[in-house]
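Which chain is which? The protein sequence lines are A and B, in order. Quick note on the working numbering: the first sequence kicks off at 771 and runs consecutively. Quick note on the working numbering: the second sequence kicks off at 771 and runs consecutively. Heads up, the beta-carbon is just placed ideally off N, CA and C, and yes, glycines get one too. What follows is a short report on a single structure.
Protein chains: 2
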Amino acid sequence: MDIDWDDLKTILAVVREGTLGRAAQGLGVNYTTVARRITRAEEALGQKLFERLTEGYRPTDIGLLAARHAEQMEQHQNALMRQLQGRDETLRGPLVITAPQILLNLHLVHVIDRFCTLHPEVDLSVNSANDLVDLGRRRADLAIRVSANPGDALKGLRLCDQHTAAFASPEIARRIAQAPEAATGWIVYDQTKGVPEAALARNRRAFVRARFDDMIAMIGAAQAGLGVVRMPMFIGRGTPGLVQVPVMEPSPYAPIWAVAHADVWPGAKVSAFRALLRAYFREHRRVFAA
Amino acid sequence: MDIDWDDLKTILAVVREGTLGRAAQGLGVNYTTVARRITRAEEALGQKLFERLTEGYRPTDIGLLAARHAEQMEQHQNALMRQLQGRDETLRGPLVITAPQILLNLHLVHVIDRFCTLHPEVDLSVNSANDLVDLGRRRADLAIRVSANPGDALKGLRLCDQHTAAFASPEIARRIAQAPEAATGWIVYDQTKGVPEAALARNRRAFVRARFDDMIAMIGAAQAGLGVVRMPMFIGRGTPGLVQVPVMEPSPYAPIWAVAHADVWPGAKVSAFRALLRAYFREHRRVFAA
DNA sequence: GTCCATGCATGCGTTTTCGCACGCATGATA
DNA sequence: TATCATGCGTGCGAAAACGCATGCATGGAC
């Protein structure tokens, strides 16, 4: 009465994903293999771990219990892999970084370019993601993030402070220059309350023209002349077809950090990338501040 | 860059055992398989995990690091298996018990006999061991132990209190009866200091004739007339060729416990065995006390 | 009602893994 | 020095695991 550790890993994947297919995808095997492993595990334990439904595999109590423990095992496996990586002193092999899309487009591509030239043996993967990537579970080795602090269990290097300001198309900028008191239409981010306080302070008639849930789309909207957008300085300055408009005082914004799990932090590849980041942002820091 | 969980298990086994062969034995596979898995893991990590020496495999720092984490994973796997067992309500499948050799021979065999009759579908394994068996690591499901308390993380049922007394062959008993003041030779357990205090209180001339490190051998020595042996009442009474000799006051001894890991305790098979133990020892408790 | 997408079960041929037998190296022993 | 025990490496045939293709069941869209 014992169970294969890989079968436990498989059970965890199926509990997480809900179907054989998605679990198989995550595990990098065919879904029939997943089905067979589950069956084998059930036979080994003499217990049903899942109910077979048409919409997928639903875990039984016992399946959930097994998954909980498998999760613990996964954490230890992750810890091991992180520590191995942290003591890896070679500049070879895989390295995964993640960063916000816009920051990548406008700046990090240059850092990446240089890194690939300096360290051609590193297999660099770039994960352009706007949501937070789980560094503890090794979805990435190094993350470039815009936030107030690195977060718990993570180490961080503060790369650069930022300001935001208002940007719009040249056409709109001209109209504002001609009639500063006229009502100005804003494009705002979905989650924000409305027109920035700093803008209302200068023009009480500022109003929300539209709400977007995606920053890239907002930039496009600004370029197309839909309205004024508040955005980090580096975006406005780095995007063609946008000019800064003096409808609000530039205000401080969350700084840019390079963060990694403390285990991974000392690794050669992560250190090397960090060094290039530091140099780049030191050189270009004026682009990010008012 | 990821590692197979079963390979981690294999690494742990090799670190523990030192050679491929012994590790393979513990894992229940051929040693060539172990060698292959180690090689595969090293290739996956790009790091050497062991040095190949003629006397076996010696782990590198990285190998030890991996083994440490694998050990953590093993603990979680054990916890899972225990919990599954604890909620198993069937009276089928494997059950492993461990008990001191002598207790098995003289009494537990009857409990086992009855258990096998009542629950023929249980595959009962009996581990006759005098050293403590690790219940946390599932070397046994239920242990019958002679000790003051069950121990941490374990649940216990106090089966019976015990006394010890002095026993010897009839020949020696006759001599003692004839000359109670004569010097009496004792056989004592290796670790004890010498003749029991309670014996010296009655006869100052009692002396150690020999020291043994094994209780079975001491019983044989007593039967053969080598000397007086202090032993639990149930052994002296249950062994042919031995009689109690009044050279010491019977003294309290550690009680007999049925112990199991708290996770396993509620399992049907463990509960059933425990019930029989309780009944048996209640019925025969006078054999164990003075 | 038909069509399609999703997801599982099954059979078959292939790939991978495994166990076994043999050979080699090393160290202890007589 | 000859012999034996222990332990590892390697090649080959067997066994197990795997991927793929096909078929079935269910539920939603038109």
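Cross-chain neighbours of residue i in chain B, by beta carbon under 7 Å
i	result
Asp774/A	Asp776
Ala836/A	Leu850
Gln853/A	Leu835
His877/A	Near His877/A there are no residues of chain B at all, since even the closest Cβ is about 27 Å away, more than 7 Å.
Lys1072/A	A question about residue 1072/A goes unanswered here, because the residues of chain A that appear run from 771 up to 1060.
His846/A	His839, Gln842, Met843
For residue i: DSSP bridge partner residues
i	result
Gln1014/B	Phe937/B
Val978/A	Trp956/A
Tyr827/A	Arg822/A
Asp893/B	Pro864/B
Arg915/A	Trp1027/A
Ser898/B	Ala869/B
Leu924/B	His1031/B
Ser1021/B	Thr934/B
For residue i, three-class secondary structure by DSSP
i	result
Glu841/B	helix
Asp931/A	strand
Asn973/A	coil
Asn875/A	helix
Ala796/B	In the sequence on display, residue 796/B carries Gly and not Ala. In this structure, Gly796/B counts as helix in the three-state DSSP scheme.
Ala949/B	coil
Val965/A	coil
Gly906/A	coil
Val999/A	strand
Gly1037/B	coil
Thr803/B	helix
Gly833/A	helix
Thr780/B	helix
His1054/B	coil
Straight-line Cα distance separating residue j from residue i
i	j	result
Ala980/B	Pro1022/B	24 Å
Leu819/B	Asp776/B	15 Å
Arg1007/B	Cys930/B	16 Å
Ala923/B	Arg909/B	15 Å
Pro1020/A	Ala936/A	8 Å
Met1003/B	Gly816/A	43 Å
Ile942/A	Gln1014/A	10 Å
Gly1065/B	Ala976/B	Here chain B covers residues 771 to 1060 and nothing more, so residue 1065/B does not appear.
Glu891/B	Leu861/B	7 Å
Gly921/A	Leu834/B	30 Å
Ala1059/A	Leu1047/A	17 Å
Gly964/B	Arg972/B	15 Å
His877/B	Ile1026/B	12 Å
Gln948/A	Ile882/A	43 Å
Val1057/B	Gln932/B	9 Å
His1031/A	Arg907/A	10 Å
Met988/B	Ile946/B	19 Å
Pro870/A	Val784/A	30 Å
Asp983/A	Ile872/A	15 Å
Arg915/A	Lys925/A	12 Å
Ile957/A	Leu894/A	36 Å
Leu1012/A	Leu905/A	35 Å
Pro1016/B	Gly798/B	53 Å
Chain B contact residues for residue i, given Cβ-Cβ distances below 9 Å
i	result
Met1001/A	What Met1001/A touches in chain B: nothing, since even the nearest Cβ is about 37 Å away.
Lys1039/A	Within 9 Å Cβ-Cβ: nothing; Lys1039/A doesn't reach chain B, min ~11 Å.
Closer than 9 Å at the beta carbon, the chain A residues around residue i
i	result
Ala849/B	His839, Gln842
Under 7 Å by beta carbon: chain A residues contacting residue i
i	result
His1031/B	By Cβ distance, chain A contributes nothing, its closest Cβ being about 15 Å from His1031/B, past 7 Å.
Leu815/B	Leu854
Ile832/B	Leu854
Within chain B, the residues that residue i reaches when beta carbons sit closer than 8 Å
i	result
Lys779/A	Trp775
* Asked: Should the region 858 to 872 of chain A be regarded as contacting the region 1031 to 1040 of chain A, the criterion being three or more beta carbon pairs within less than 8 Å?
  -> yes
* **Touching by the beta-carbon criterion (3+ pairs, under 8 Å), the region 848 to 855 of chain B and the region 822 to 839 of chain B** => no
* Meets three-Cβ-pair contact criterion under 8 Å: the region 783 to 795 of chain B and the region 804 to 811 of chain B -> yes
* At a cut of 8 Å, does the region 984 to 1000 of chain B reach the region 877 to 890 of chain B through at least three beta carbon pairs? -> no
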